[in-house]
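Asks: Note that full-length UniProt numbering gives residue 3 to position 3 of the sequence shown, counting from 1, and the numbers run on in steps of one.
Yeah, the Cβ is synthetic: ideal placement off N, Cα and C, and Gly gets one too.
Being a predicted model, the structure only gives us computed values, none of them experimental.
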Amino acid sequence: MSGELRAVLFDMDGTLVDTEGMWWQACVEVAAELDLELTEADAGHVLGRLVEDAAGYLARRAPVPPGVGRAGVAEAEAERADAERARVAKADAERAGVTEAEAERAEVERVGARLTAAFAERVSGGVTPLPGAIRLLDDLAAEGVPTALVSASPRLIVDMVLHTVGARRFALVVAAEDTARGKPLPDPYLRAASGLGLDPADCVAVEDSPTGLAAARAAGCRVVSVSGDPVAEDVLSVDSLEKVDLPLLRLLASGKRSIG
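#1: Assuming residue 5 and residue 250 are in contact, meaning their beta carbons sit under 8 Å apart, how far apart are those beta carbons, in whole angstroms?
#2: Is it buried or exposed, residue 188, if we count other Cβ atoms within 10 angstroms and call 16 or more buried?
#3: Would you mind working out which of 202, 154, 213 and 236 sits nearest residue 118, comparing C-alpha positions?
#4: Quick one: Cα of residue 230 to Cα of residue 209, how far?
#5: Flag this pair as touching only if the segment 4-22 and the segment 143-151 have three or more C-beta atom pairs under 8 Å; answer yes or no.
#6: Assign residue 253 to one of three DSSP states: helix, strand, or coil.
#7: Specify the secondary structure class of residue 13 as computed by DSSP and reduced to three states.
#8: Less than 8 Å between C-beta atoms, sequence neighbours within five positions excluded: which residues of the same chain meet that for residue 235?
#9: For residue 228, does the count of other Cβ atoms within 10 angstroms reach 16, so buried, or fall short, so exposed?
#10: For the alpha helix (DSSP H) holding residue 231, just list the boundary residues, first then last.
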């Protein structure tokens with residue numbers, strides 16, 4: 001651990017660009033196709049997650065029989081609905097000549113493909129960098145501090161966003177396909193630090209979601225949260241990238257959290 005600011009690793013959705021709402025809308029749209037109504041209680045299971053994780057969550061929550069939304073099923077009936085879903089899935093798998101596990105994987109892949117398509121449709125219309133994002137990236141470049149993009153989104157989405165943010169601003173890009181395990185596990189941040197030839201402890205990660213913050217902390221990075229909510233004693237919390245600058249990042253890299 002050098003105590004110097006060696007690199008800054010940025011999350012993408014909700015941190016650098018205003019796409020988190022687009023992802024939520026995509027999840028709501030696909031959930032509705034499954035006769036499922038998402039609420040705020042579902043947010044933690046889909047925001048900041050890999051597409052396959054969100055798809056698995058939606059597929060598991062999809063109500064049975066078709067046409068009956070889980071939101072309309074009494075809590076006391078939830079277990080019965082889950083059992084019925086499993087029975088129908090098993091029967092469908094037997095008719096198709098595949099195992100139940102194979103049928104479930106196929107359904108998760110189908111839902112994941114729909115999520116990616118719904119998200120891509122929204123992102124293709126253009127994205128908006130969040131306040132302070134471009135200024136901070138350019139300030140880091142001017143000082144020779146390398147940056148990496150560390151996203152849970154698939155490469156298709158990341159490449160679309162980079163058309164707006166500028167791929168040239170990043171020395172390294174880690175997308176969902178680049179690690180076997182995604183956030184909240186540390187793998188994406190470990191991959192980014194390794195790709196830059198650095199120890200994670202010499203990197204500052206900038207995140208917004210609980211999932212991403214958990215990944216960055218588990219990797220051993222210094223961490224800035226731009227969610228505005230207090231997270232933990234070892235995480236510096238601000239409510240906007242406009243409040244993040246080089247002196248602040250250097251102070252954090254040195255092991256200090258207070259900015260005065």
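Replies: Result, derived from the coordinates:
#1: Right, their Cβ atoms sit about 5 Å apart.
#2: So residue 188 ends up on the buried side.
#3: Of the candidates 202, 154, 213 and 236, the one whose C-alpha sits nearest the C-alpha of residue 118 is 154.
#4: Rounded to whole angstroms, the separation of the alpha carbons of residue 209 and residue 230 is 12 Å.
#5: With a cut-off of 8 Å on Cβ pairs, the segment 4-22 is in contact with the segment 143-151, counting three or more such pairs.
#6: Residue state, collapsed to three classes: helix.
#7: If DSSP states are grouped into helix, strand and coil, residue 13 belongs with the strands.
#8: Cβ within range, chain order: 213, 217, 223, 224 and 225.
#9: The C-beta of residue 228 has fewer than 16 other C-beta atoms within 10 Å across all chains shown, which makes the residue exposed.
#10: Neither: residue 231 is in no alpha helix (DSSP H) and is coded neither H nor E.
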